[in-house]
Amino acid sequence: MLDIAIIGGGPAGLTAGMYATRGGVKNVTLFEKGILGGQITQSSEIENYPGYPNVVSGMDFMEHWPEQAMRFGLKHETKEVLKVEKENELFNLTLTGGESVKAKSVIVCTGSNPRSAGFEGEKEFFGRGVSSCATCDGFFYKGKEVAVLGGGDTALEEALHLAKICSKVYIIHRRDEFRAAPVTVEKVKKSPNIELILNAKIDRVFGGKMGVDGVEIIFNDKKKKELLVPGIFVFVGMDVNNEILKQNDGTFLCKMSKNGEVVVDLSMKTDVDGLFAAGDMRIQAPKQVVSAAGDGAIAALSAMEFLN
Ligand code: FAD
Ligand code: NAP
């Protein structure tokens with residue numbers, strides 16, 4: 570029987586774990602299905618976390634978070650949680666392999682995942698020329714031309730990273746204005762080997778057994794153009810990981826927004842007693858490491874209050 574079960578080992582979950590255990594809660598376990606650190610470990614650089622003036626990779630940035638979080642007694646299990654249900658006053662977590670765990674309270678910090686753009690060939694060539702991680706796959710295209718799809722912070726920041734490795738980066742964006750921060754847009758516009766292809770989308774990606782040969786772009790005025798690039802990086806937003814809150818009857822355990830985010834109040838409380846959510850997967854999340862960590866701390870303090 571756990572006092573607090575934390576689901577997800579990104580900035581929100583790790584911070585929640587540290588606050589809860591440092592605050593004296595004895596039986597706290599964090600379940601993470603992959604490596605600890607969360608999605609920022611895929612980022613080539615982070616430069617907006619207070620107190621870290623030097624730009625570092627996401628992987629380096631998260632290196633010491635688990636060690637610090639576990640110093641006060643947080644336990645960690647590399648397991649995927651499949652479902653969270655509430656039975657009487659207790660939560661029941663179903664884990665991979667059918668195992669189940671009971672907990673008095675739960676903090677859900679499952680974050681978000683890259684969204685697919687939906688063009689022809691995207692799934693077929695995923696991992697063979699289509700990627701959603703420049704840090705992981707950028708090096709395969711050293712000295713070559715690549716395309717980036719999207720106009721948000723992720724697309725532009727990762728395009729800047731790729732521009733250091735690749736001979737040329739085409740940014741394909743469906744509008745002529747960017748969602749990314751103005752400072753990032755400026756950097757992109759000043760990069761000599763980044764070319765903007767605006768008011769356009771990828772219609773299809775084509776290639777063969779060896780991988781991608783290129784993309785067909787369709788402009789908003791329906792004109793088409795081919796780009797012969799072996800690598801396409803898709804950064805068109807994120808979907809929140811809310812599956813574990815789905816119940817057998819198809820409803821969610823707690824109140825959700827129409828976009829599938831968990832509805833919480835300023836204490837990260839859901840409308841179910843003892844259930845908290847923190848980080849990217851809660852409503853109106855700014856989707857920043859600093860806010861995810863802050864949410865995690867708040868959720869842990871609220872869970873402690875609930876247990877008391
Ligand atoms: P996540 O980091 O998404 O962590 C969730 C964790 O939960 C993951 O490790 C996942 O494996 C785990 N998980 C999910 N489902 C389950 C399950 N069922 N069972 C067990 N474990 C599960 N933010 C910034 O502030 N600055 C930046 O420069 C910046 N750059 C970014 C660059 C990129 C490429 C990306 C993708 C994001 C960037 N962000 C940046 C955003 C930032 O990474 C997120 O806002 C932050 O990581 C959210 O933290 P989180 O803990 O809520 O979720
Ligand atoms: P985002 O801000 O939602 O941007 C997604 C981009 O993809 C938008 O430009 C969107 O176009 C485009 N798009 C969406 N669907 C598309 C489709 N089907 N085909 C083509 N284009 C499509 O997503 P994000 O860049 O991943 O960022 C997610 C969150 O993390 C944001 O809140 C962001 O600020 C944050 N983040 C922050 C940092 C940082 O602080 N440095 C870094 C990375 C991410 P439209 O603009 O036309 O909608």
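Quick note on numbering: my numbering labels position 218 of the sequence shown as 787, and the sequence is numbered without any gaps. Note that beta-carbon positions come from the ideal geometry of N, C-alpha and C, so glycine has one too.
Exercise. Tell me whether residue 858 counts as near the ligand FAD, meaning its Cβ is closer than 6 Å to at least one heavy atom of that ligand.
Key: Between the ligand FAD and the CB of residue 858, the shortest heavy atom gap is smaller than 6 Å.
Quiz item: Are residue 634 and residue 583 closer than 7 Å when you measure CB to CB?
Solution: Yes, they are a contact pair.
Practice problem: Scan the stretch 700 to 755 and note each continuous beta strand (DSSP E) run of 3 residues or more that stays entirely inside, going in chain order. | Solution: Qualifying beta strand (DSSP E) stretches, in chain order: 714 to 718 and 737 to 742.
Quiz item: Can residue 728 be considered in contact with the ligand NAP, in the sense that its beta carbon sits closer than 6 Å to one or more heavy atoms?
Solution: In this structure, the ligand NAP has no non-hydrogen atom nearer than 6 Å to the beta-carbon of residue 728.
Practice problem: Note down, in chain order, each residue of its chain lying with its Cβ closer than 7 Å to the Cβ of residue 873, except the 5 sequence neighbours on either side. | Solution: Excluding residues within five positions, the ones whose Cβ falls inside 7 Å are 589, 592 and 594.
Practice problem: Confirm the yes/no value for this check: CB of residue 813, any heavy atom of the ligand FAD, distance under 6 Å. | Solution: Residue 813: yes, Cβ under 6 Å from the ligand FAD.
Practice problem: Could I get the ranges of all uninterrupted beta strand (DSSP E) runs contained in the stretch 639 to 679, with 3 residues as the minimum, in chain order? | Solution: Correct list: 644 to 646, 650 to 656, 659 to 664 and 669 to 677.
Quiz prompt | residue 580 - containing alpha helix (DSSP H), residue span | solution = For residue 580, the uninterrupted alpha helix (DSSP H) run begins and ends at 580 to 591, by DSSP.
Quiz item: What are the boundary residues of the alpha helix (DSSP H) that residue 812 is part of?
Solution: First-last for residue 812: undefined, no H or E at that position.
Quiz item: With 16 as the cutoff for other CB atoms within 10 Å, does residue 604 come out buried or exposed?
Solution: Burial call: exposed.
Exercise. Please determine, among 838, 702, 770 and 673, the residue with the shortest C-alpha to C-alpha distance to residue 788.
Key: Looking at the Cα atoms, 770 is the closest of the given residues.
Exercise. Output yes or no for whether 7 Å exceeds the beta carbon distance between residue 733 and residue 714.
Key: At a Cβ-Cβ threshold of 7 Å, residue 733 and residue 714 do not count as neighbours.
Quiz item: Is it buried or exposed for residue 682, if we count other Cβ within 10 angstroms and need 16 for buried?
Solution: The residue in question, residue 682, is exposed, as its Cβ has fewer than 16 Cβ neighbours within 10 Å.
Practice problem: Note the first and the last residue of the continuous beta strand (DSSP E) segment covering residue 780. | Solution: Looking at the DSSP string, the run of the beta strand (DSSP E) that includes residue 780 is 780 to 788.
Quiz prompt | With 16 other Cβ atoms within 10 Å as the buried cut-off, status of residue 808 | solution = Per the 10 Å Cβ criterion, exposed.
Self-check item: Nearest-angstrom beta carbon gap, residue 774 and residue 800 [assumed within contact, 8 Å]
Solution: Between residue 774 and residue 800 the Cβ distance is about 10 Å, and since that is not below 8 Å, they are no contact.
Quiz item: Which of the three DSSP states, helix, strand or coil, is assigned to residue 876?
Solution: DSSP, read as helix, strand or coil, puts residue 876 in helix.
Quiz item: Contact between the stretch 674 to 681 and the stretch 628 to 642: three or more CB pairs below 8 Å?
Solution: Flag = no, the stretch 674 to 681 and the stretch 628 to 642 do not touch.
Self-check item: Secondary structure of residue 904, DSSP reduced to three states
Solution: Residue 904 falls outside the range modelled here, since the chain spans only 570 to 877, and no answer is possible.
Quiz item: Given residue 753, which residues of its chain have a CB within under 7 Å of its CB, disregarding the five upstream and five downstream residues?
Solution: The residues are 722, 725 and 726.
Exercise. Count the CB pairs spanning the stretch 611 to 630 and the stretch 689 to 700 that are closer than 8 Å, and state whether there are at least three.
Key: For the pair of segments examined, the stretch 611 to 630 was found not to touch the stretch 689 to 700: the number of CB pairs separated by less than 8 Å stays below three.
Quiz item: So does residue 705 have its beta carbon nearer than 6 Å to some heavy atom of the ligand FAD?
Solution: Every heavy atom of the ligand FAD is 6 Å or more from the Cβ of residue 705, so no.
Quiz item: Name the DSSP beta bridge partners of residue 773, please?
Solution: Residue 773 pairs with 689 and 785.
Self-check item: Of the listed residues 659, 658 and 666, nearest to residue 649 (C-alpha basis)
Solution: It is 666.
Quiz item: Nearest to residue 760 by alpha carbon, out of 735, 778 and 783?
Solution: The option with the nearest alpha carbon to residue 760 is 735.
Practice problem: Pull up the distance between the alpha-carbon of residue 876 and that of residue 790, whole angstroms please. | Solution: Straight-line spacing of the CA atoms in residue 876 and residue 790 works out to 59 Å.
Practice problem: Using the DSSP secondary-structure output, state which residues sit across from residue 846 in a beta bridge. | Solution: 677, per the DSSP bridge assignment.
Quiz item: What is the C-beta distance between residue 702 and residue 611, in whole angstroms, given that I count them as a contact (C-beta under 8 Å)?
Solution: That pair is a contact at about 5 Å.
Self-check item: Span separating the alpha-carbon of residue 750 from that of residue 668
Solution: Straight-line spacing of the CA atoms in residue 750 and residue 668 works out to 44 Å.
Practice problem: Taking residue 686 as the reference, give the member of 840, 871 and 772 with the closest Cα. | Solution: With distances taken between CA atoms, residue 686 lies nearest to 772 out of 840, 871 and 772.
Quiz item: How would you call residue 570, buried or exposed, if buried means at least 16 neighbouring beta carbons within 10 angstroms?
Solution: By the neighbour-count rule (16 or more Cβ atoms within 10 Å), residue 570 is not buried but exposed.
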